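J.: Residue numbers for the sequence shown follow this note's numbering, so the first one is 3 and each next one is one higher.
Quick reminder that beta carbons are idealized off the backbone N, C-alpha and C, glycines included.
These figures come from a predicted structure and were not determined experimentally.
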Amino acid sequence: MIDFCHPGSPGKLTGVVTGRRQLQAFIAAALRSPATVGAVAPSSTRLAQRLTAVVPGGGNPVVVELGPGTGSTTAAVQRRLGGRGRHLAVELDTMLAEHVARAHPSVEVVVGDAAQLTQLLARHGVSEVDAVLSGLPWSLFRPDEQRAILAAAAAVLRPEGAFCTFAYVHALPLGGARRFRALLDEVFDEVLTTRTVWRNLPPAVSYVCRRPR
Ligand SMILES: C[S@@+](CC[C@H](N)C(=O)[O-])C[C@H]1O[C@@H](n2cnc3c(N)ncnc32)[C@H](O)[C@@H]1O
3 MIDFCHPGSP GKLTGVVTGR RQLQAFIAAA LRSPATVGAV APSSTRLAQR
53 LTAVVPGGGN PVVVELGPGT GSTTAAVQRR LGGRGRHLAV ELDTMLAEHV
103 ARAHPSVEVV VGDAAQLTQL LARHGVSEVD AVLSGLPWSL FRPDEQRAIL
153 AAAAAVLRPE GAFCTFAYVH ALPLGGARRF RALLDEVFDE VLTTRTVWRN
203 LPPAVSYVCR RPR
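1) So, at 6 Å on beta carbons, what are the nonlocal neighbours of residue 201 in its own chain, with the 5 sequence-adjacent residues on each side left out?
2) DSSP beta-bridge partners for residue 5?
3) By the 10 Å Cβ neighbour count, where 16 or more other Cβ atoms means buried, how is residue 172 classified, buried or exposed?
4) Nearest to residue 2 by CA position, among 168, 139 and 211, is which residue?
5) Would you mind listing the beta strand (DSSP E) stretches within the segment 64-106 that are 3+ residues and don't spill past its ends, in chain order?
6) Compute every distance between the C-beta of residue 151 and the non-hydrogen atoms of ligand 1, then say whether any falls below 7 Å.
7) If contacts are defined as beta-carbon pairs under 8 Å, then residue 68 and residue 136 qualify, I think. What distance do you get, rounded to the angstrom?
8) With DSSP as the reference, label residue 183 as helix, strand or coil.
9) Provide the residue span of the alpha helix (DSSP H) that contains residue 48, from first to last.
10) Taking 7 Å as the cut-off, is the C-beta of residue 75 nearer than that to any heavy atom in ligand 1?
11) Could you tell me the boundaries of the alpha helix (DSSP H) in which residue 144 lies?
12) Between the segment 106-113 and the segment 52-59, do at least 3 Cβ pairs fall closer than 8 Å?
13) Using only the alpha-carbon positions, how far apart do residue 177 and residue 125 sit?
14) Rounded to the nearest angstrom, how far is the Cβ of residue 189 from that of residue 160, given a contact under 8 Å?
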């Protein structure tokens, strides 16, 4: 299911996409808007599994994914949920959103800006979520964009919920990445940095954040 957040848009899209199509969609999006994609390749299965560790293993959790891109993390979340709960994915790029909706018909794909998360989720009758996973290119965002999106993610988390994202190791010393890491400490009471996932292009660490302040 896909929600374009504007009238007259296509309704539900279903179907299957192959790995080659996923790569083609990723390259097309990266060429279309390099500053919003911010990656040279889709996240690896290993990194996607690391991110999905914050999805509760029992019950019917509500999971939100920010910037699903071509859907590698989406697939891992779907596997972990195994039909439980709800999975909403917020993607700015219309073509990538369509791609994810076709590949994952059970995911509620919303085309929109993650900074508007509260409003976007409200359209789907969701006010609180159990986990937020992000594939957003944080280090490329302006300070005000980083702050707005992170605040929006923290605002929708249940008190016992978790937020998880990743950062490329080679970029950790750069200004945008350092600013984002400091912001995590401002917004969350607990921020854990996991071990490097070497099987990713480029290698990455993930941040697991709990208890919004
Ligand atoms: C690094 S890519 C995602 C990689 C993804 N994990 C994959 O494997 O394909 C970042 C994604 O975030 C999306 N994005 C960037 N800014 C956004 C925003 N403000 N709101 C929602 N999505 C955004 C981009 O369109 C892109 O699809």
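T.: So, to answer that:
1) Position 199 of the sequence shown, counted from the start, is the residue given in the question as residue 201. These residues qualify, in order along the chain: 46 and 48.
2) For this step, residue 5 is matched to residue 3 along the sequence shown. Paired residues: 112.
3) As a position in the sequence shown, residue 172 is number 170, starting the count at 1. Result: exposed.
4) Nothing about residue 2 can be reported from this structure: the residues present for the chain run from 3 to 215 only.
5) 64-68 and 88-93
6) As a first step, residue 151 must be located in the sequence shown, where it is residue number 149. Within the cutoff, so yes.
7) Numbered from its first residue, the sequence shown carries residue 68 at position 66. Numbered from its first residue, the sequence shown carries residue 136 at position 134. That pair is a contact at about 4 Å.
8) Taking the first residue of the sequence shown as 1, we reach residue 183 at position 181. Residue 183: helix per DSSP, three-state reduction.
9) Position 46 of the sequence shown holds residue 48. Here the alpha helix (DSSP H) through residue 48 covers 47-54.
10) Taking the first residue of the sequence shown as 1, we reach residue 75 at position 73. Yes.
11) Here the question's residue 144 lines up with position 142 in the sequence shown. Careful: residue 144 lies outside any alpha helix (DSSP H) and carries neither H nor E.
12) no
13) Numbered from its first residue, the sequence shown carries residue 177 at position 175. Numbered from its first residue, the sequence shown carries residue 125 at position 123. Rounded to whole angstroms, residue 177 to residue 125 spans 35 Å at the Cα level.
14) Counted from its first residue, the sequence shown places residue 189 at position 187. Counted from its first residue, the sequence shown places residue 160 at position 158. Not confirmed; about 15 Å, so no contact.
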